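**Student:** Please see the structure below; I have some questions.
Number of protein chains: 4
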Amino acid sequence: MKNKFDVVVIGGGIIGCSIAYYLAKEKLNVAVMESQQIGNKATGAAAGMLGAHSECNDLEIFYPFARDSQKTYIQVQEEIKELSGIDIEHRKGGLLKLAYTESEKRSLNEILALPTVKWYRAEDVKKEIPGISPDIIGAAYIEDDVTVLPTSVCHGFSRSAQLFGTSLFEFTTVISIQKNGSSYLINTTKGIFEANYVVVANGVWSSSFFKELGLEHQLTPVKGECLSVYSENISLKHTLFHDHSCIVPRNNGRLVIGATQIVNEWNEKPTLSGVESLIAKAKTMLPAVTDMKLESFWAGLRPQTVDQRPFIGPHPNDENILFATGHYRNGILLAPATAKMIRDFILKKEIRKDWVEAFKINRSCGTSTSVTTC
Amino acid sequence: MKNKFDVVVIGGGIIGCSIAYYLAKEKLNVAVMESQQIGNKATGAAAGMLGAHSECNDLEIFYPFARDSQKTYIQVQEEIKELSGIDIEHRKGGLLKLAYTESEKRSLNEILALPTVKWYRAEDVKKEIPGISPDIIGAAYIEDDVTVLPTSVCHGFSRSAQLFGTSLFEFTTVISIQKNGSSYLINTTKGIFEANYVVVANGVWSSSFFKELGLEHQLTPVKGECLSVYSENISLKHTLFHDHSCIVPRNNGRLVIGATQIVNEWNEKPTLSGVESLIAKAKTMLPAVTDMKLESFWAGLRPQTVDQRPFIGPHPNDENILFATGHYRNGILLAPATAKMIRDFILKKEIRKDWVEAFKINRSCGTSTSVTTC
Amino acid sequence: MKNKFDVVVIGGGIIGCSIAYYLAKEKLNVAVMESQQIGNKATGAAAGMLGAHSECNDLEIFYPFARDSQKTYIQVQEEIKELSGIDIEHRKGGLLKLAYTESEKRSLNEILALPTVKWYRAEDVKKEIPGISPDIIGAAYIEDDVTVLPTSVCHGFSRSAQLFGTSLFEFTTVISIQKNGSSYLINTTKGIFEANYVVVANGVWSSSFFKELGLEHQLTPVKGECLSVYSENISLKHTLFHDHSCIVPRNNGRLVIGATQIVNEWNEKPTLSGVESLIAKAKTMLPAVTDMKLESFWAGLRPQTVDQRPFIGPHPNDENILFATGHYRNGILLAPATAKMIRDFILKKEIRKDWVEAFKINRSCGTSTSVTTC
Amino acid sequence: MKNKFDVVVIGGGIIGCSIAYYLAKEKLNVAVMESQQIGNKATGAAAGMLGAHSECNDLEIFYPFARDSQKTYIQVQEEIKELSGIDIEHRKGGLLKLAYTESEKRSLNEILALPTVKWYRAEDVKKEIPGISPDIIGAAYIEDDVTVLPTSVCHGFSRSAQLFGTSLFEFTTVISIQKNGSSYLINTTKGIFEANYVVVANGVWSSSFFKELGLEHQLTPVKGECLSVYSENISLKHTLFHDHSCIVPRNNGRLVIGATQIVNEWNEKPTLSGVESLIAKAKTMLPAVTDMKLESFWAGLRPQTVDQRPFIGPHPNDENILFATGHYRNGILLAPATAKMIRDFILKKEIRKDWVEAFKINRSCGTSTSVTTC
């Protein structure tokens, strides 16, 4: 077993695997340490919306970063298919962000100003989606906010990275990280590994490495529960979105209903109250959904930072330790752009200054009333 | 493959398998024809309440029959364990039929008059079950309305019957039944079988044989959906019952929440509206249930007759064709008594006259305003 | 509920749903009667190989028919995606029919003569598929024998047909078919339907309608068991095929290992001996498969005729009753061509004579030593 | 949330939960920290054999300890049923340790000398178990080596402990343990807890705490894979055992086939080679098992020490840190005796000297050729 690497990535979710892929393409010698199985935690629980517009509340920083990531997926799809044979289900159809009140409509104004977003009147939406709620007053249609199948993206990155030489260690828990001269010793259940760079990318569980590495930053788990439903009689081509909930059609004709937001909850199993609230939300968008058959249910933990922006960048005191976590609701969307940024940090390439500042570890977390360290 | 039998039973649910068992014990040569797998349809979907009292709305006929069946289960448990090694999970703890209003309390008066039923005041129920709804005014406690695990009862009957010589044919669809002199030819996907007696016992699907055998009787499917939930922090020892819904604790600590009643529905898969209504009902009994984790979900079809009593007895024009179906909400409870009655018809033993009349095929279906043939 | 149709199709597998689709496109008013759920029996159990070449042992009749069907899938994929949003996973990569001995290589000579089939020497195969068995002497590479995801094809046909007006009745068992003047009464668990044409397309269960409709033809169930396996470290792009077994890569990176052939077996559940033989066969093709993790397992029943050709055509004495069944190992491959042929019978269009003769109900079944009615 | 406890137990498997139960009964204020869900790792993967005799290769130390634990289960069953309503499926029937050769028979001589073990000749075994392998020459019958359902034991302990006041923290990872004056700070993903005693009882994952707490001891994961199978036609009342493999009947009539032994394997998912070897082993005991249907499959990691004895006792340099791990193949069997021993360490009660010596952390590991620290 090889145990010396250029880079050890901790975490085999979509963030860790995309980083491994982009580094391995540059001929770096990479290992991924995953305590369970590839893509089985938050990644496997995500609905897969690439909501650069629909999840956006900041056109200055978040939007261009998210948009870059969203566009990168077109190339990711082709490369991964070619290399690994995996289809990430990059799916046309776009997203309708529904408005039920004038106030909701107004809140869409900012994105409606973008050339990529169009307003559809209620009658147009109803024509396109016969079962849509009669209560909507219209919807913002965003053609580019498409969806992918998150586990397939993650497996695609993982296998493609391996084809470029990456080593993958599943069922391998990292116990500690120790400085050892100019390199690091990564102590795991499978023995000790050595690396020049360590990238911490294991979602909400990255917290424990913050503390170990002398940082005070916190990640809060925000549990998200989902349902998968089916019906032979209902076809949906567009993602429906309202009030942080969505109904996402899959390539096999099933619909995914997601997702709850239970703050500070570590339990990864859906509860009855979660299921109840998902059904209630889905009904307000597509009333006929109540006739659909339940297929399965699951949950995952989103890693949330104080200002809800990810941590992407080096440790304040040690540039050979990098973090890529805290992606909250947008881990799938932001994976390619995050990976490219981590790659560029390691390769000392230029990176957009405002992104570096916005996502660095020791940034200030401004709110209307206070500014603190994140 | 043996193809001549004293009795061919159509249907390998709990009714068919209990009949096979009671006939085989009398040294009759029996075959069971099951189109899918033993106990996988309505039997496998049942919560397993032996609600002789709680499901009773007729102390004259239904209650003594149900009570006889309920008592027989004590013996069934021992025999099946001894013969097949299967534990039917005949589980102590009894049932609390909850009352939220004076009117609901009054409706319990009839069963409260029985020596087997006691009234518990709200404070007593709350002491026994800390999480019970604060809105109850009390409950009828029925110690003898215990529960069993329906699939285990059915498998236990099936295997014990086989140990007494019964032949079991799974994945065998009966296509037609034809008179052949003094016997019958049962034409199936696995070939033709011959029998002196045929017992039709395949639940709501018995309808098709009614028609084929010249009868006009109808069975209506009443779909019932269930959930199984768990939580390390909640223990329940008693079944809770209210408004046709129940929460049943299992031997492994899980709770079963049952069951919806969707009349004239053939679809055997749970829908979101079913799940939603189960959660709503369970909350009214045990509010903390919403914190429990969802484990699984399923549905089955209860066979309902016009007067909601089962059909148990011979074809009006042919005493060698018998029916045992239409048990609606009480197939598990009534299986042993039904089987003994069918056994006694075939062996020409004496049977309680009022039961024969109440469950015969060509009875009149009285309602307050009309009397018709069932 | 509408109960009069131009055509009632019995069976909601891939054959029935493709027929409904091709008829509905011609503006016929169609209903599909499915006793369980769409695509859940043999269709859902199939690996999805479109083996026009690899399954071929008859270049005169079977091959052109199969090849036509295979080519039609290209169009099917586009139409279904456009109409229903379902992706049938028509997957490039082709198939390698492995040879381990000179005798096996010789048996490939006939198809190697076709322009669509190429011989790869062992070293070439090993370069392309590093984990391939070292014992092969080469393989026939068939680029056009691609795969689809059978359930998605079936759901895609079903939903697209509905968008063209087809009515779908799931959980609806057909009890009998009766002539009623110039039309038919189809008696089902959901009531009586009327149709001008009836198409019997419910796989091996079609047998019971043969008998009812006065025919002596038999269908034999040939059970096929499959496994799904996965491993982060193994990527496969081509289907491997040897001795009636295959390893099929899916779009999500999993491999399907199929399928056993248990003749005259109605049981639809995999046994340990089936699993054992699948593992043994897969090992001979891809030894590293034994390190892969088991994901799931299932089985289905192929409908086999005496001469292993399907029945496609009208009842010998009644051209308004048609059969489309008996597709044995090739139901997925042949679905589109079968559907077009049934469409053309109903629309009285011209059909290739040799196909009509080869697949007609009352054909002679020639073997080397005897000729009988199929 | 309470965060000060007398004892914090790390690990919510059967060892941790039984310890919590026995401590809570003594009115100690206990918390259990489980990183996932109660009983879901090695505990949930175990077959549940209480093989005090069949797993014994040491009559002096192991046997009396194991036998004490085995006998304790009788009381455990009653207490847990009474307290929590959970039935641990303590199941009569005993175990047959099969012999195929004279040499295998001789190796049974030691346990056959015990009054609790009897020799059955081949013809007697065949009479009792008609499907048994014709190749056996006899079997040791051990009436007291019964089975339990491990998850139910674990849930029963967990809930009963909670009824005695224990706090349970699921989905809570322990990051570090720090001395803090006379108590300990347990740093977890859910915050910091304080305790006077810490018990490390999380199976093979205890290794990481060894290192953190200054110990060099190693635990090796030995993966065990299992299958669950069923058949309506096969009933088994006794456990069959041969060559470290077993076939265990469950209360619901299913059989569990266990277990492989893959040394130094952290992957918790069954592979095809594991499944293959389980089928092969089961066939040698009960040939008809190959006709049984596969129901499910799973795996778990046994924690193995160098001398294959558990670690039960205090840290060599700190008596307030205790270990209860390394139970290898016998975690279920030894849970009650382990828990009583840990209780007695904490309560400073007398404990059998030879057990203390045999299971202490800093013992010598003798083999025929060398003596080292374990």
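Protein chains in written order, with UniProt numbering: chain A, 1 to 374; chain B, 1 to 374; chain C, 1 to 374; chain D, 1 to 374. Glycine included, each C-beta is placed from N, C-alpha and C at the ideal position. Since the model is a prediction, treat every value here as computed from it, not as a measurement.
Is LYS2/C close to chain D? Criterion is C-beta to C-beta, closer than 8 Å.
**Tutor:** Judged by the 8 Å Cβ criterion, LYS2/C is not in contact with chain D.
**Student:** Quick check: the Cα distance between LYS126/C and LEU163/B, rounded to an integer number of angstroms?
**Tutor:** In a straight line, the C-alpha of LYS126/C is about 55 Å away from that of LEU163/B.
**Student:** Out of curiosity, what's the CA-to-CA distance linking ALA47/B and ILE38/B?
**Tutor:** If you take the alpha carbons of ALA47/B and ILE38/B, they lie about 17 Å apart.
**Student:** Just to confirm before moving on: does the CB-CB distance between ALA288/C and GLY131/C stay below 8 Å?
**Tutor:** Yes, Cβ-Cβ distance for ALA288/C and GLY131/C is below 8 Å.
**Student:** Is the beta carbon of ILE342/C less than 8 Å from the beta carbon of ILE312/C?
**Tutor:** A contact, by the Cβ cut-off of 8 Å.
**Student:** Chain A beta carbons: is any one of them nearer than 8 Å to that of LYS190/D?
**Tutor:** It does; some Cβ of chain A falls within 8 Å.
**Student:** Given that LYS293/C touches chain D, what residues does it touch there, using C-beta distances under 7 Å?
**Tutor:** Here the neighbours are LYS269, PRO270, THR271.
**Student:** Quick check on PRO134/D: buried or exposed, where buried means 16 or more other Cβ atoms within 10 Å of its Cβ?
**Tutor:** Exposed, because fewer than 16 other Cβ atoms sit within 10 Å of the Cβ of PRO134/D.
**Student:** Hey, could you find the ends of the alpha helix (DSSP H) PRO155/A is sitting in?
**Tutor:** It should be noted that the sequence gives His, not Pro, for residue 155/A. Where HIS155/A is concerned, the enclosing alpha helix (DSSP H) stretches over 150 to 163.
**Student:** Distance check for ARG329/A and THR305/A, CA to CA, integer angstroms please.
**Tutor:** Taking the straight line joining both Cα atoms gives about 11 Å.
**Student:** Leaving out five residues before and five after GLY94/B in sequence, what residues of the same chain have Cβ atoms less than 8 Å from its Cβ?
**Tutor:** Taken in chain order, the residues that qualify are TYR141, ILE142, GLU143, ASP144, ASP145, VAL146, HIS238, THR239.
**Student:** What did DSSP end up calling THR338/B once you bin it into helix, strand or coil?
**Tutor:** THR338/B falls in the helix class under three-state DSSP.
**Student:** Using 10 angstroms around the beta-carbon of ASN362/A, count the other beta-carbons present and answer buried if the total reaches 16, otherwise exposed.
**Tutor:** Burial call: exposed.
**Student:** Per DSSP, what kind of secondary structure is GLU143/A in: helix, strand or coil?
**Tutor:** The answer is coil: DSSP assigns GLU143/A none of H, G, I, E or B.
**Student:** GLY326/D and PRO303/D: beta carbons closer than 8 Å?
**Tutor:** Yes, the Cβ-Cβ distance between GLY326/D and PRO303/D is below 8 Å.
**Student:** In the DSSP assignment, find the unbroken beta strand (DSSP E) run with LEU294/D in it and report its ends.
**Tutor:** From DSSP, the beta strand (DSSP E) with LEU294/D extends over 293 to 304.
**Student:** Within the 8 Å Cβ cut-off, does GLU232/D reach chain B?
**Tutor:** Answer yes: the Cβ-Cβ gap between GLU232/D and chain B drops below 8 Å somewhere.
**Student:** Do the CB positions of ILE86/C and ARG159/C come within less than 8 Å of each other?
**Tutor:** Yes, the pair counts as a contact, with Cβ atoms nearer than the cut-off.
**Student:** Is GLY214/A buried or exposed, if buried means 16 or more other CB atoms sit within 10 Å of its CB?
**Tutor:** Classification of GLY214/A: exposed, given that the 10 Å Cβ count is below 16.
**Student:** Once you ignore the five residues that flank ILE262/C on each side, which residues in its own chain have a CB closer than 6 Å to its CB?
**Tutor:** Answer for ILE262/C: LYS223, listed in chain order.
**Student:** Note down, in chain order, each residue of its chain lying with its Cβ closer than 6 Å to the Cβ of THR43/B, except the 5 sequence neighbours on either side.
**Tutor:** GLY13, ILE14, PRO150, CYS154, listed in sequence order.
**Student:** If we cut at 8 Å on Cβ distances, does THR260/B have a partner in chain A?
**Tutor:** Chain A contact via Cβ: absent.
**Student:** What is the rounded straight-line gap between the Cα of PHE359/B and the Cα of LEU96/B?
**Tutor:** The alpha-carbon atoms of PHE359/B and LEU96/B are separated by roughly 29 Å.
**Student:** Of all the CB atoms in chain B, is at least one closer than 8 Å to the CB of ARG159/D?
**Tutor:** Output row for ARG159/D: interface = yes.
**Student:** Using a Cβ-Cβ cut-off of 8 Å, state whether residue 433/D counts as contacting chain B.
**Tutor:** This structure cannot speak to residue 433/D, because chain D is shown only from 1 to 374.
**Student:** DSSP three-state call for SER368/C: helix, strand or coil?
**Tutor:** With a pLDDT of only 47 at SER368/C, under the threshold of 50, the placement of this residue in the model should not be trusted, and no figure is reported.
**Student:** Looking at C-alpha atoms only, which residue of LEU219/C, CYS56/C, GLU34/C, ILE192/C is the closest neighbour of LEU333/C?
**Tutor:** It is CYS56/C whose Cα lies nearest to the Cα of LEU333/C.
**Student:** Quick check: is the beta carbon of residue 375/D nearer than 8 Å to any beta carbon in chain B?
**Tutor:** Nothing in the structure corresponds to residue 375/D, since chain D is present only between 1 and 374.
**Student:** Measure from the C-beta of ILE279/A to each C-beta in chain B and report whether the shortest distance is under 8 Å.
**Tutor:** It does: the Cβ of ILE279/A has a partner Cβ on chain B nearer than 8 Å.
**Student:** Could you tell me which chain D residues have their CB closer than 8 Å to the CB of THR172/A, listed as they occur along the chain?
**Tutor:** Residues of chain D passing the Cβ test: TRP266.
**Student:** Which residues, taken in chain order from the stretch 307 to 331 of chain D, show a beta carbon closer than 7 Å to some beta carbon of chain B?
**Tutor:** The stretch 307 to 331 of chain D vs chain B, Cβ under 7 Å: nothing.
**Student:** Straight-line CA distance for CYS246/D to ILE175/A?
**Tutor:** Rounded to whole angstroms, CYS246/D to ILE175/A spans 35 Å at the Cα level.
**Student:** How big is the Cα-Cα spacing for PRO115/C and ARG91/C?
**Tutor:** Their Cα atoms are separated by approximately 21 Å.
**Student:** Tell me the DSSP bridge mates of ASN187/D?
**Tutor:** Answer by DSSP bridge pairing, in chain order: SER176/D, ILE192/D.
**Student:** Which residue's Cα is closest to the Cα of SER182/C: TRP205/C, LYS118/C, PRO270/C, ASN320/C?
**Tutor:** SER182/C has its Cα closest to that of ASN320/C, out of TRP205/C, LYS118/C, PRO270/C, ASN320/C.
**Student:** Below 8 Å on the Cβ atoms is my contact criterion, and I expect THR260/D with SER235/D to pass it. Report the Cβ-Cβ distance as a whole number of Å.
**Tutor:** About 26 Å separates the two Cβ atoms, so there is no contact after all.
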